[in-house]
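Peer 1: Each protein sequence line maps, in turn, to chains H and W.
So in UniProt numbering, spot 155 of the first sequence is number 155, and the numbers just go up one at a time.
So in UniProt numbering, spot 90 of the second sequence is number 90, and the numbers just go up one at a time.
Built from N, CA and C at the ideal position, the CB exists for glycine as well.
Pasting a structure below so you can have a look.
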Amino acid sequence: MKILVCITHVPDTTSKISFTDGNTKFDKTGVQYIIGPYDDYALARAVELKEQHGGSITVLNVGEAETEPTIRKALAIGADEAIRVNAFPSDAFFVAKQIASVAKEGAYDLILMGRESIDFNGGQVHSMVGELMGLPSVSPVMVLDIEGSTAKIQREIEGGKEFMELDMPFIAGCQEPIAEWKIPNMRGIMSARSKPLQVVDPTDDGVQADVEVFELPPAKEAVKLVDPENLDELVNLLKNEAKVL
Amino acid sequence: MSTDTLTQNGQAAKRSFTDDFESPDFYQLDDLLTDEHKLIRSSIRDFVKKEITPYIEDWAENNQFPADIVSKFGEIGAFGPTVPVDYGGGGLDYTSYGLIMQEIERGDSGMRSTASVQGSLVMYPIYAYGSEEQRKKYLPKLASGEMLGCFGLTEPNHGSNPGGMETHIKDMGDHFLLNGAKMWISNAPKADIAVVWAKNQDGRIKGLIIERGMEGFTTPETHGKWSLRASCTGELVFSDVKVPKENVLPNKDGLGAPLGCLDKARYGIAWGVVGAAMDCYESARKYALEREQFGKPIASFQLVQKKLAEMLTEITKAQLVNWRLGKLMDEGKATSAQISLAKRNNVEIALNIAREARQIHGGMGITGEYPMMRHMMNLESVVTYEGTHDIHLLILGHKITGIPAFG
Ligand SMILES: Cc1cc2nc3c(=O)[nH]c(=O)nc-3n(C[C@H](O)[C@H](O)[C@H](O)COP(=O)(O)OP(=O)(O)OC[C@H]3O[C@@H](n4cnc5c(N)ncnc54)[C@H](O)[C@@H]3O)c2cc1C
Chain H
1 MKILVCITHV PDTTSKISFT DGNTKFDKTG VQYIIGPYDD YALARAVELK EQHGGSITVL
61 NVGEAETEPT IRKALAIGAD EAIRVNAFPS DAFFVAKQIA SVAKEGAYDL ILMGRESIDF
121 NGGQVHSMVG ELMGLPSVSP VMVLDIEGST AKIQREIEGG KEFMELDMPF IAGCQEPIAE
181 WKIPNMRGIM SARSKPLQVV DPTDDGVQAD VEVFELPPAK EAVKLVDPEN LDELVNLLKN
241 EAKVL
Chain W
1 MSTDTLTQNG QAAKRSFTDD FESPDFYQLD DLLTDEHKLI RSSIRDFVKK EITPYIEDWA
61 ENNQFPADIV SKFGEIGAFG PTVPVDYGGG GLDYTSYGLI MQEIERGDSG MRSTASVQGS
121 LVMYPIYAYG SEEQRKKYLP KLASGEMLGC FGLTEPNHGS NPGGMETHIK DMGDHFLLNG
181 AKMWISNAPK ADIAVVWAKN QDGRIKGLII ERGMEGFTTP ETHGKWSLRA SCTGELVFSD
241 VKVPKENVLP NKDGLGAPLG CLDKARYGIA WGVVGAAMDC YESARKYALE REQFGKPIAS
301 FQLVQKKLAE MLTEITKAQL VNWRLGKLMD EGKATSAQIS LAKRNNVEIA LNIAREARQI
361 HGGMGITGEY PMMRHMMNLE SVVTYEGTHD IHLLILGHKI TGIPAFG
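This is how it looks when you write it as structure tokens:
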């Protein structure tokens with residue numbers, strides 16, 4: 001079984017977020033980068049599926065050279081080889097086009113990725129790749145088992161769970177509890193040194209989205225305590241400040 | 001600068017192995033590390049957060065060695081990281097080894113002791129002084145954690161002066177007969193094998209591999225420790241143990257052989273204790289900012305700031321010593337005296353930091369809610385084993401003056 005796992009290179013979840021250049025650029029100073037947590041689940045499940053069924057795992061990242069330590073970590077966790085599309089992942093459609101173009105070359109049985117990245121949280125790439133490749137895409141996948149050429153999937157839907165069977169190949173956006181994150185061990189880190197990491201050029205620069213300005217969400221306000229005797233003030237606050245009445 | 005964080009990204013984000021252990025890196029030593037070093041550090045840190053930190057206070061309180069940590073250490077690659085890959089080791093450099101020890105000891109010195117003994121005191125002598133058959137027989141199993149080893153040098157009557165040891169072997173033609181006793185031996189009660197140092201009939205110190213199950217060999221546990229409570233310690237008692245001749249380490253003898261192992265282990269301790277010191281410092285820094293007295297955070301008082309400033313200064317100096325020593329180790333240039341300086345200095349600063357950090361926590365500091373008391377008690381062993389603080393002063397004094405003042 002050939003598995004492609006697409007990973008993002010995103011700021012660590014505890015990073016302080018700020019912007020430069022008149023709020024048009026993300027300020028990377030002091031920011032630690034990690035494999036997107038949802039992508040990390042996809043990778044962990046891919047490693048388990050490879051253990052069960054054999055095959056190979058290719059990890060793919062659309063990003064500039066600075067993402068290579070993140071890619072090496074994925075190799076240390078258990079991917080066999082890596083491809084980096086040498087381009088800034090400017091928007092979901094651009095990234096989806098790059099993934100589709102690499103994926104078409106590789107005849108993969110499974111294309112896994114996180115249900116969303118945790119920088120922009122778009123959650124669009126899996127379905128776009130599906131459309132571009134004419135393949136089904138499912139998200140968010142919480143259970144993924146393979147029997148022969150069929151996958152048994154459990155997916156989270158509004159108010160419940162959906163169980164489905166699907167023939168490979170397809171694209172899945174993954175989330176917990178599909179697998180537990182894997183911590184690379186020292187042998188994995190050592191062997192990742194010599195695993196192939198191929199750098200390819202992007203197909204075109206059809207970047208379609210442009211950032212005008214970044215804004216932080218308004219700071220959370222402190223909790224207001226209202227005296228239990230003072231119901232009028234409570235009603236007033238709910239009506240005029242919270243505007244929920 | 002904004003104070004917003006990316007933590008509102010749902011469950012995955014909250015559960016991610018993010019770096020909530022903060023490491024002071026005041027002199028930007030991270031710039032001197034490779035991406036691989038940083039990946040090694042973060043992987044061991046994640047491992048410690050998952051497998052050690054949530055349970056360590058209970059293990060220490062219950063005086064319980066978590067036996068399943070041995071195979072987990074094997075799986076992550078904490079045993080013998082510098083031993084070549086062909087023998088099951090990690091094939092990594094000494095900076096990597098140091099970072100691994102630092103992160104494990106950030107969790108607990110007892111856990112780090114288990115890993116140091118296995119790597120530096122059991123695997124290293126078998127690798128460096130053992131025959132090819134011995135290497136093949138033992139190293140892969142020790143690396144994977146299938147086997148646990150211990151190192152027997154100290155005796156009831158010979159601690160700082162191991163050269164005076166009484167444990168001895170007698171040549172019986174087709175085997176040696178081993179008699180004597182070792183004391184204060186980490187991992188002993190659970191060990192499958194012991195690397196034991198004993199004198200032959202000529203008074204020359206030899207290394208032997210003793211296996212559990214050999215007749216006349218027992219490993220009674222040492223009880224009542226207030227330090228390294230999550231690590232098990234015991235005696236090795238040999239009463240007419242028949243040791244096959246192929247169990248003798250053939251390639252080095254004399255006191256230099258065990259001391260060569262101690263160099264490796266002391267190097268690991270020098271890094272490890274900085275992990276414990278950083279854990280205490282970070283806890284104190286956070287507590288000082290949160291705890292209010294006299295209407296303001298205690299961090300705003302000059303005497304508290306003095307403590308924090310001195311802690312960060314000492315941690316930074318120790319980090320620099322470790323980084324340079326790691327390079328010297330990789331180049332094969334580190335001397336025993338250089339390693340001794342780092343071990344002594346770093347343990348001392350870690351102990352002082354644990355004490356000062358505990359004081360910053362006031363009464364809360366004596367509970368298991370915070371790690372300082374455990375680190376502090378652990379470090380009392382670390383300042384004693386592998387050469388006491390004073391013995392290390394004598395080692396450096398000897399180096400400076402050329403005059404040995406030991407005996
Ligand atoms: C928890 C724990 C685990 C250990 N694990 C191991 C292990 O795995 N393997 C092993 O072989 N050993 C182990 N040890 C033993 C340890 O290495 C010894 O305790 C240490 O070497 C000191 O020996 P001692 O306890 O006999 O003290 P002593 O040698 O009796 O020293 C007592 C005091 O006298 C001082 N002193 C001694 N000689 C001099 C001198 N010439 N000049 C000035 N001061 C002097 C010392 O500094 C110390 O303060 C362990 C110890 C502990 C506590």
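(1) Which residue from W:290, W:66, W:102 and W:196 puts its Cα closest to that of residue 261 of chain W?
(2) Taking only the alpha-carbon atoms, compute the straight-line gap between residue 235 of chain H and residue 222 of chain H and give it to the nearest angstrom.
(3) Can you tell me the Cβ-Cβ gap for residue 230 of chain W and residue 371 of chain W, rounded? I've got them flagged as a contact below 8 Å.
(4) Can you tell me which of W:188, W:247 and W:224 puts its alpha carbon nearest to the alpha carbon of residue 235 of chain W?
(5) Kindly identify the DSSP beta-bridge partner or partners of residue 160 of chain W.
(6) List the residues of chain H that residue 92 of chain W touches, going by C-beta distances under 9 Å, in chain order.
(7) Assuming residue 51 of chain W and residue 72 of chain W make a contact with CB atoms under 8 Å, what is their CB distance in whole Å?
(8) Select from W:38, W:69, W:388 and W:380 the residue whose C-alpha is nearest the C-alpha of residue 227 of chain W.
(9) Check each candidate in W:285, W:353 and W:241 and name the one with the smallest Cα separation from residue 181 of chain W.
(10) In chain order, what residues of the same chain have a beta carbon less than 6 Å from the beta carbon of residue 223 of chain W, not counting five sequence neighbours either side?
(11) Can you check whether the CB of residue 145 of chain H is closer than 8 Å to the CB of residue 3 of chain H?
(12) Who does residue 198 of chain H pair with in a DSSP beta bridge?
(13) Quick one: which chain H residues come within Cβ less than 8 Å of residue 336 of chain W?
(14) Among all the DSSP beta bridges, which residues are the ones paired with residue 155 of chain H?
(15) Of all the CB atoms in chain H, is at least one closer than 8 Å to the CB of residue 16 of chain W?
(16) Decide if residue 204 of chain W is buried, meaning its Cβ has at least 16 other Cβ atoms within 10 Å, or exposed.
(17) Are the CB atoms of residue 213 of chain H and residue 86 of chain H nearer to each other than 8 Å?
(18) Around the Cβ of residue 42 of chain W, are there at least 16 other Cβ atoms within 10 angstroms (buried) or fewer (exposed)?
(19) Could you tell me if the beta carbon of residue 25 of chain W falls within a distance shorter than 7 Å of some heavy atom in ligand 2?
(20) Could you check whether the Cβ of residue 263 of chain W sits closer than 7 Å to any heavy atom belonging to ligand 1?
(21) Could you check whether residue 316 of chain W and residue 27 of chain W sit closer than 8 Å to each other, using their CB atoms as the reference points?
(22) Alpha carbon to alpha carbon, how far is residue 285 of chain W from residue 299 of chain W?
(23) Can you confirm whether residue 47 of chain W, when its beta carbon is compared against all beta carbons of chain H, has any partner nearer than 8 Å?
(24) What is the rounded straight-line gap between the Cα of residue 239 of chain H and the Cα of residue 215 of chain H?
(25) Answer with buried or exposed for residue 217 of chain H, where buried requires no fewer than 16 other C-beta atoms within 10 angstroms of its C-beta.
(26) Between residue 410 of chain W and ligand 1, is there a pair consisting of the residue's CB and a ligand heavy atom that are separated by less than 7 Å?
(27) DSSP has residue 56 of chain H in a bridge; who is on the other side?
(28) Going by the C-beta, is residue 184 of chain W closer than 7 Å to any heavy atom of ligand 1?
(29) Alpha carbon to alpha carbon, what distance is there between residue 12 of chain H and residue 20 of chain W?
(30) Within 8 Å of any Cβ in chain H, is that where the Cβ of residue 131 of chain W sits?
(31) State the beta-bridge partners of residue 194 of chain W as determined by DSSP.
(32) Of all the CB atoms in chain W, is at least one closer than 8 Å to the CB of residue 171 of chain H?
(33) Going by Cα to Cα distance, which pick from W:405, W:107, W:147 and W:343 is closest to residue 212 of chain W?
(34) Closer than 7 Å by beta-carbon distance: list the chain H residues that pair up with residue 33 of chain W, in chain order.
(35) Please classify residue 174 of chain W: does DSSP put it in a helix, a strand, or coil?
(36) CB-CB under 7 Å to residue 15 of chain H, same chain, minus the five flanking residues each way: which ones, in chain order?
Peer 2: On the basis of the data shown:
(1) As a position in the second sequence, residue 261 of chain W is number 261, starting the count at 1. If we check each option's Cα against that of residue 261 of chain W, W:196 comes out closest.
(2) For the purposes of this step, residue 235 of chain H is taken as the residue at position 235 of the first sequence. For the purposes of this step, residue 222 of chain H is taken as the residue at position 222 of the first sequence. Answer to the nearest angstrom: the Cα atoms are 18 Å apart.
(3) What you label residue 230 of chain W is simply residue 230 of the second sequence in a count that begins at 1. What you label residue 371 of chain W is simply residue 371 of the second sequence in a count that begins at 1. In fact, because the Cβ distance is near 12 Å, the residues do not count as touching under 8 Å.
(4) On the second sequence, residue 235 of chain W is found 235 positions in, with the first residue counted as 1. It is W:188.
(5) Along the second sequence, one-based indexing puts residue 160 of chain W at 160. Paired residue(s): none; residue 160 of chain W is not in a bridge.
(6) Stepping through the second sequence from its first residue, residue 92 of chain W is reached at position 92. Near residue 92 of chain W (Cβ distances below 9 Å), the residues of chain H are 186, 189 and 190.
(7) In the second sequence, residue 51 of chain W corresponds to position 51, counting from 1. In the second sequence, residue 72 of chain W corresponds to position 72, counting from 1. Their Cβ separation, rounded to whole angstroms, is 5 Å, which keeps residue 51 of chain W and residue 72 of chain W in contact under 8 Å.
(8) As a first step, residue 227 of chain W must be located in the second sequence, where it is residue number 227. Closest option to residue 227 of chain W, Cα to Cα, is W:380.
(9) The residue labelled residue 181 of chain W in the question sits at position 181 within the second sequence. The shortest C-alpha separation from residue 181 of chain W is found at W:241.
(10) Translated into the one-based positions of the second sequence, residue 223 of chain W becomes position 223. None.
(11) Here the question's residue 3 of chain H lines up with position 3 in the first sequence. Here the question's residue 145 of chain H lines up with position 145 in the first sequence. Cβ distance not < 8 Å, so residue 3 of chain H and residue 145 of chain H don't count as in contact.
(12) Here the question's residue 198 of chain H lines up with position 198 in the first sequence. Answer is H:83.
(13) Start at 1 with the first residue of the second sequence, and residue 336 of chain W comes out as number 336. The contacting residues do not exist; residue 336 of chain W stays about 27 Å from chain H at best.
(14) By 1-based counting over the first sequence, the position of residue 155 of chain H is 155. Paired residue(s): H:141 and H:162.
(15) Here the question's residue 16 of chain W lines up with position 16 in the second sequence. Interpretation of residue 16 of chain W is limited by its pLDDT of 37, a score under 50 that renders its predicted location unreliable; no figure is taken from the coordinates.
(16) To locate residue 204 of chain W, count along the second sequence from 1; it is residue 204. Per the 10 Å Cβ criterion, exposed.
(17) Here residue 213 of chain H corresponds to residue number 213 of the first sequence, with the count starting at 1. Here residue 86 of chain H corresponds to residue number 86 of the first sequence, with the count starting at 1. No. Outside cutoff.
(18) Residue numbering aside, residue 42 of chain W sits at position 42 when the second sequence is read from its first letter. With 16 or more Cβ atoms within 10 Å of its Cβ, residue 42 of chain W is classed as buried.
(19) The model on display carries ligand 1 but not ligand 2.
(20) Here the question's residue 263 of chain W lines up with position 263 in the second sequence. Checking the Cβ of residue 263 of chain W against ligand 1 gives no.
(21) Looking up residue 27 of chain W in the second sequence gives position 27. Looking up residue 316 of chain W in the second sequence gives position 316. The answer is yes: Cβ separation under 8 Å.
(22) Sequence index remark: in the second sequence, residue 285 of chain W carries index 285 (1-based). Sequence index remark: in the second sequence, residue 299 of chain W carries index 299 (1-based). When rounded, the distance between both Cα atoms is 8 Å.
(23) In the second sequence, counting from the first residue as 1, residue 47 of chain W sits at position 47. It does: the Cβ of residue 47 of chain W has a partner Cβ on chain H nearer than 8 Å.
(24) Translated into positions along the first sequence, residue 239 of chain H becomes position 239. Translated into positions along the first sequence, residue 215 of chain H becomes position 215. Rounded to the nearest angstrom, the two C-alpha atoms are 28 Å apart.
(25) As a first step, residue 217 of chain H is located in the first sequence; it is residue number 217 there, counting from the start. It counts as exposed.
(26) The shown model of chain W, from 1 to 407, leaves out residue 410 of chain W, and the question about it has no answer.
(27) Position 56 of the first sequence, counted from the first residue, corresponds to residue 56 of chain H. Looking at the DSSP assignment, residue 56 of chain H forms a beta bridge with H:2.
(28) In the second sequence, residue 184 of chain W corresponds to position 184, counting from 1. Result yes, Cβ under 7 Å from ligand 1.
(29) Translated into the one-based positions of the second sequence, residue 20 of chain W becomes position 20. Translated into the one-based positions of the first sequence, residue 12 of chain H becomes position 12. At residue 20 of chain W, the pLDDT of 48 sits below 50, so the modelled position is not reliable; the number obtained from the coordinates is stated separately. Between residue 20 of chain W and residue 12 of chain H, the C-alpha separation is close to 10 Å.
(30) Counted from its first residue, the second sequence places residue 131 of chain W at position 131. Residue 131 of chain W does not count as touching chain H.
(31) Along the second sequence, read from residue 1 onward, the residue named residue 194 of chain W stands at position 194. DSSP, once it has assigned bridges, lists W:150 and W:210 as partnering residue 194 of chain W.
(32) Against the first sequence, residue 171 of chain H aligns to sequence position 171. Chain W, which has no Cβ nearer than 8 Å to the Cβ of residue 171 of chain H, makes this no.
(33) The residue labelled residue 212 of chain W in the question sits at position 212 within the second sequence. Ranking W:405, W:107, W:147 and W:343 by Cα distance to residue 212 of chain W puts W:147 first.
(34) Numbered from 1 along the second sequence, position 33 holds the residue referred to as residue 33 of chain W. What residue 33 of chain W touches in chain H: nothing, since even the nearest Cβ is about 11 Å away.
(35) Sequence index remark: in the second sequence, residue 174 of chain W carries index 174 (1-based). The answer is coil: DSSP assigns residue 174 of chain W none of H, G, I, E or B.
(36) Taking the first residue of the first sequence as 1, we reach residue 15 of chain H at position 15. The answer, listed in chain order, is 31 and 32.
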